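Enquirer:
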Amino acid sequence: MNIRLIIFVFFSLSFSQISFAQKDSTLIRAKQLQLGSDKYNPLSPSKAAFYSAIFPGGGQIYNKKYWKAPIVWAAIGSSIYFYIDNSNGYDRFRTAFKLRSQGLPDEFNGLNGNPNISTAGLENAQKTLSKNRDLSLLTGVLLYVLQIVEASVNAHLLQFDTDDSLSINPMIKSDPMLIEAPKVGLTLKYSF
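Quick note on our numbering: the sequence shown kicks off at 11 and runs consecutively.
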């Protein structure tokens, strides 16, 4: 029981620190109006998506989220690496299978002329490597599209206006009738 109470108090304090860490948007909005600059740019999401489509990670750089660009490059680069590796392995086993079908020696023949890998093993290796190659290509395409969508959504969210009515204010209320058996609950209040 004590552990639950400690965990609840810890999370309550953590969320209260997060909720009060927001900037006062009314002051920011007033300063923007005084300077005559408006933060909303309707073309920003489309520019971010365009830059990501031209150069992977470009939309993340445009959004000034520089730390995301190396993650995008590593994800797409690893997908390309596995595609090339599986393609080379497939070509290697395919060449060996063709040579063995014609009765010629291949790279998987042993010292005595006995093959290290059987013909059925060569066929299975080709199927597996072909499947892995196709999966790597699909993963690369999905990661490419995902980074474009992420850049566009992030550009939309950067323009999202938050104010104090969106904050969480946790509080602990005790029920004087049930002191022996305290209850834990969560109440969310929001207003427009």
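Quick reminder that beta carbons are idealized off the backbone N, C-alpha and C, glycines included.
Please read these numbers as outputs of a predicted model, since none were measured by experiment.
Between which two residues does the alpha helix (DSSP H) containing W83 stretch?
Expert: From DSSP, the alpha helix (DSSP H) with W83 extends over K78 to S111.
Enquirer: With H, G and I counted as helix, E and B as strand and the rest as coil, what does DSSP make of N122?
Expert: Note: N122 maps to coil in three-state DSSP.
Enquirer: Name the residue from N12, Y61 and I13 whose alpha carbon lies nearest to the alpha carbon of I158.
Expert: Ranking the options by Cα distance to I158, first place goes to Y61.
Enquirer: Quick one, which of F103, K74 and A58 has its alpha-carbon nearest G131's?
Expert: The candidate whose alpha carbon is nearest that of G131 is F103.
Enquirer: Quick check on G150: buried or exposed, where buried means 16 or more other Cβ atoms within 10 Å of its Cβ?
Expert: Its Cβ being crowded by 16 or more others within 10 Å, G150 is buried.
Enquirer: Does DSSP put M187 in a helix, in a strand, or in coil?
Expert: Reduced to three states, the DSSP call for M187 is coil.
Enquirer: Could you say which of I86, N119 and S162 lies nearest to L147 if we only look at CA atoms?
Expert: The shortest Cα separation from L147 among I86, N119 and S162 belongs to I86.
Enquirer: For R14, which of helix, strand or coil comes out of DSSP?
Expert: Helix at R14.
Enquirer: CA-CA distance, K57 and K78?
Expert: C-alpha separation (whole angstroms): 17 Å.
Enquirer: Can you tell me the Cα-Cα spacing of Y76 and L145, whole angstroms?
Expert: Roughly 29 Å separates the two Cα atoms.
Enquirer: Between the Cα of I81 and those of L168, A161, H166 and A165, spot the shortest distance and give me the residue it belongs to.
Expert: Comparing Cα-Cα distances from I81 to each of L168, A161, H166 and A165, the minimum goes to A161.
Enquirer: Which residue's Cα is closest to the Cα of Q136: A59, L167 and D95?
Expert: It is D95.
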